[in-house]
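Colleague:
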Ligand code: NDP
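In the numbering used here, the protein residues as written are 411 to 863.
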C-alpha cells in the first residue's frame, strides 16, 4: 500500500458504519484513522437504538408489575414508584461502558482515533483543528441528525437527542410524527406513566409498513393509553408557565408539559467542505454515491445514514464490511438490500421482513395472505387485554414467502429468524413443513394454514 499519505484511509464519523469500516480495513492491513467530534458509537450507541431499548425495557416493567397479580404476586400499587433520574443515570453508565468498548475495539485494531471536527481541504486531506492528515481514501460516515418541523416555537421542541437526557418526566407530552421514533417514544412515555398524545399529519401512521400492522398498532397503542390524533399536526408551540401550548392544524390548542418531534433525520454534512470538492448530493440532501459507495470524487466514499439508504445500524454495518473489502480486500462484493428485517420497539413491538401486502400487489404478484390474531399466553392469567398479530404474504404462483409481519411481544426476536429463511428463498410449503416450538407465539408462523378471507 502507498506510503505517500499519512493513512490509507481516514473515516469521518465513529458511528456504527464508520467504526466497522475502520476496524475491518485495519484487519486487511490498512493504516486507518477515524475522526469523531462527539462520541464513539454514533447515534445508535449514544442517542438511538441502545438507550432507546433500555428505556423500552424500563417502560415495560410497569406492565410486568401490573401482570404480576394474575400469577399470585402481590405488588400493591401504593408500593410502586418510578424514579426517572435513576433510569437515566443507569442508562448513562451503560452508554459510557459501551463508548469505552468502542474505543478499545478501535485501539485493538490499530486504528488511530482523532477527536475533533473534520473538514476536507482537498480530495485527500482532512483537517481537524490546526492539524491536517492525508489519506489515499476518505470515507464520510457522519450519519444523520433529527429534523424538527419548521413552525413557530421550533426552538421549544425536543428531538430524540434531548429525550435521552431529560432531567425529569413531564405529566403530559405531545409527540409529533408517525414513524419509528414517534411511536417508540410515545410507548416509552406512556409506559412510564406520562399522559401521551401522538400527532400524525396523515390518515394512518407508520407509512411504508403493512396496512394490517398499521391498523393493529392503532388499537394496541390506544389500549395502552396513548392518544392518537391523525390528520392533525402542530402548527405552533409557545411556552406557557412551566409547560407549552400547542396550536393544532384544526385551530384548536392543547397544553402539555413537553413537545417532542420525531419527523425524520437529515444527512449530517455541514462544514465538511464536500461541495467545493465536487461531491454531489441527492435532492433530499444525502451524499450521492454509486452501488460501491463511491462519490463523484474518486478518493471519497460515503456510507450509512448520510447516503440515504435505510437508516438502520445493521445496514451501515453491512456497508462497512462491503466497503472495506472493496477498498482493501479482493475488491469484490456488493451490498444486498433485499429482505432487510426491521423491528420498531413501540409497545407492542413491530417486526417485519420483506414485502408488505400492498407492495407485493403493486409489484404484480398474485398474493395469498395468512393472518392470525391471538392473545399471547402470558396474558391469559394476568388478564391483560393485549393481542398479537402475525401475517405472511405469499406469492400464490411460486409459493415463495414474500413478507412476514408481526405486532406483539418480542417481534424483532422472532422476525430475525424468519429473515434467514426468507433470504434463503423459503416457500410457504417450507413454513408448513417446519415443526413449531410449543408453546410459543412464534409457532403460529408455521401453523397458519387457512388463507385470510
Ligand atoms: P421516519 O421517517 O420513520 O418518520 C418520520 C415521520 O414524521 C413520518 O410519520 C412523517 O410523516 C412525519 N413528518 C415528516 N415531516 C413532518 C412535518 N414537517 N410535520 C409533521 N410530521 C412530519 O423518521 P423518524 O424520525 O421516526 O426516524 C428516522 C429513521 O431512523 C427511521 O426512518 C429509521 O430508519 C431509523 N430508526 C430506526 C429504528 C429501529 O430500527 N427500531 C428506531 C428509530 C429510528 P409522513 O409519513 O406523512 O411522511
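Glycine included, each C-beta is placed from N, C-alpha and C at the ideal position. Model, not experiment: these values are computed from the prediction.
What are the complete alpha helix (DSSP H) segments, minimum 4 residues, inside the stretch 735–803?
Modeller: Correct list: 767–772, 788–792.
Colleague: Among 737, 682, 724, whose alpha-carbon lies nearest the alpha-carbon of residue 749?
Modeller: Checked all of 737, 682, 724; the closest Cα to residue 749 is 724.
Colleague: Please determine if the stretch 728–742 and the stretch 416–430 are in contact, where contact requires at least 3 C-beta pairs separated by less than 8 Å.
Modeller: The stretch 728–742 vs the stretch 416–430: in contact.
Colleague: Which two residues bound the contiguous alpha helix (DSSP H) that contains residue 494?
Modeller: It spans 494–518 - the alpha helix (DSSP H) in which residue 494 sits, taken as one unbroken run.
Colleague: What residues match up with residue 816 in a beta bridge as DSSP calls it?
Modeller: According to DSSP, residue 816 bridges with 761, 800.
Colleague: Which whole-angstrom value describes the C-beta separation of residue 838 and residue 804, a residue pair presumed to lie in contact below a C-beta threshold of 8 Å?
Modeller: Contact holds; Cβ gap of about 5 Å.
Colleague: Comparing alpha-carbon positions, which option in 505, 476, 448, 500 lies nearest residue 491?
Modeller: Comparing Cα-Cα distances from residue 491 to each of 505, 476, 448, 500, the minimum goes to 476.
Colleague: With contact counted as at least three CB pairs below 8 Å, one residue from each stretch, are the stretch 561–574 and the stretch 453–464 in contact?
Modeller: They touch, by the three-pair rule.
Colleague: Return yes when the Cβ of residue 802 is within less than 9 Å of the Cβ of residue 814, no when it is not.
Modeller: Cβ atoms of residue 814 and residue 802: closer than 9 Å.
Colleague: Quick one: does the C-beta of residue 570 sit closer than 8 Å to a heavy atom of ligand 1?
Modeller: Within the cutoff, so yes.
Colleague: In the DSSP assignment, what are the bridge partners of residue 525?
Modeller: 446, per the DSSP bridge assignment.
Colleague: Starting from residue 486, trace the beta strand (DSSP E) in both directions and tell me its first and last residue.
Modeller: Element bounds for residue 486: n/a, residue is neither H nor E.
Colleague: Measure the beta-carbon distance from residue 497 to residue 468 and round it to whole angstroms, keeping in mind my assumption that it falls under 8 Å.
Modeller: Going by Cβ atoms, the distance from residue 497 to residue 468 rounds to 5 Å, so yes, they are a contact pair.
Colleague: Contact between the stretch 574–588 and the stretch 663–671 is defined here as three or more beta-carbon pairs at a separation below 8 Å; is this criterion met?
Modeller: Counting Cβ pairs under 8 Å, three or more are found: they touch.
Colleague: Of all the options 778, 553, 757, which has the alpha carbon lying nearest to the alpha carbon of residue 674?
Modeller: When only C-alpha atoms are compared, the closest one is 553.
Colleague: Which term fits residue 426, buried or exposed, when burial requires 16 or more other beta carbons within 10 angstroms of its beta carbon?
Modeller: When all chains shown are included, residue 426 counts as buried.
Colleague: Report back the beta-carbon spacing between residue 536 and residue 548 to the nearest angstrom; my notes put them in contact at under 8 Å.
Modeller: Right, the Cβ-Cβ distance comes to about 6 Å (below 8 Å), so this counts as a contact.
Colleague: Could I get the ranges of all uninterrupted beta strand (DSSP E) runs contained in the stretch 543–623, with 3 residues as the minimum, in chain order?
Modeller: For the stretch 543–623, whole beta strand (DSSP E) runs of length 3 or above, ordered along the chain, are 554–556, 582–586, 605–609.
Colleague: Assuming residue 587 and residue 672 are in contact, meaning their beta carbons sit under 8 Å apart, how far apart are those beta carbons, in whole angstroms?
Modeller: Indeed, because the Cβ distance is near 4 Å, the residues count as touching under 8 Å.
Colleague: For residue 481 and residue 591, I'd like the C-alpha separation in whole angstroms.
Modeller: Roughly 33 Å between the two C-alpha positions.
Colleague: What whole-angstrom Cβ distance do residue 422 and residue 528 have, given they're in contact under 8 Å?
Modeller: So it is a contact: roughly 5 Å between Cβ atoms.
Colleague: Taking residue 500 as the reference, give the member of 462, 752, 515 with the closest Cα.
Modeller: It is 462.
Colleague: Taking the alpha carbon of residue 561 as the reference point, which residue from 830, 658, 678, 430 has its own alpha carbon closest?
Modeller: With distances taken between Cα atoms, residue 561 lies closest to 658.
Colleague: At which residues does the alpha helix (DSSP H) containing residue 843 begin and terminate?
Modeller: Per DSSP, residue 843 belongs to the alpha helix (DSSP H) from 838–843.
Colleague: Would you mind reading off the limits of the alpha helix (DSSP H) that contains residue 540?
Modeller: Neither: residue 540 is in no alpha helix (DSSP H) and is coded neither H nor E.
Colleague: Our contact map puts residue 806 next to residue 778 with C-beta atoms below 8 Å; I'd like the distance itself, whole angstroms only.
Modeller: Yes, residue 806 and residue 778 are in contact; Cβ-Cβ is about 5 Å, under 8 Å.
Colleague: If you draw a straight line from the C-alpha of residue 523 to the C-alpha of residue 765, how long is it?
Modeller: Their backbone Cα atoms lie some 40 Å apart in a straight line.
Colleague: Helix, strand or coil: how does DSSP classify residue 639 here?
Modeller: In this structure, residue 639 counts as strand in the three-state DSSP scheme.
Colleague: Does the distance from the C-beta atom of residue 616 to that of residue 589 stay below 9 Å?
Modeller: Yes. Within cutoff.
Colleague: Comparing C-alpha positions only, which one of 809, 546, 783 sits nearest to residue 853?
Modeller: Ranking the options by Cα distance to residue 853, first place goes to 783.
Colleague: Please list the terminal residues of the continuous alpha helix (DSSP H) segment that includes residue 712.
Modeller: Here residue 712 belongs to no alpha helix (DSSP H); instead the beta strand (DSSP E) covers 710–712.
Colleague: Taking only the alpha-carbon atoms, compute the straight-line gap between residue 432 and residue 730 and give it to the nearest angstrom.
Modeller: Answer to the nearest angstrom: the Cα atoms are 8 Å apart.
Colleague: With the cut-off set at 9 Å, would you say residue 744 and residue 763 are in Cβ contact?
Modeller: Cβ distance not < 9 Å, so residue 744 and residue 763 don't count as in contact.
Colleague: Could you tell me which of 824, 834, 728 sits nearest to residue 429, measuring between CA atoms?
Modeller: Closest by alpha carbon: 728.
Colleague: Confirm the yes/no value for this check: CB of residue 798, any heavy atom of ligand 1, distance under 8 Å.
Modeller: Not so, every heavy atom of ligand 1 lies at least 8 Å from the Cβ.
Colleague: Nearer than 8 Å: is that true of the beta carbon of residue 559 relative to any heavy atom of ligand 1?
Modeller: Yes, since a heavy atom of ligand 1 falls inside the 8 Å radius drawn around the Cβ of residue 559.
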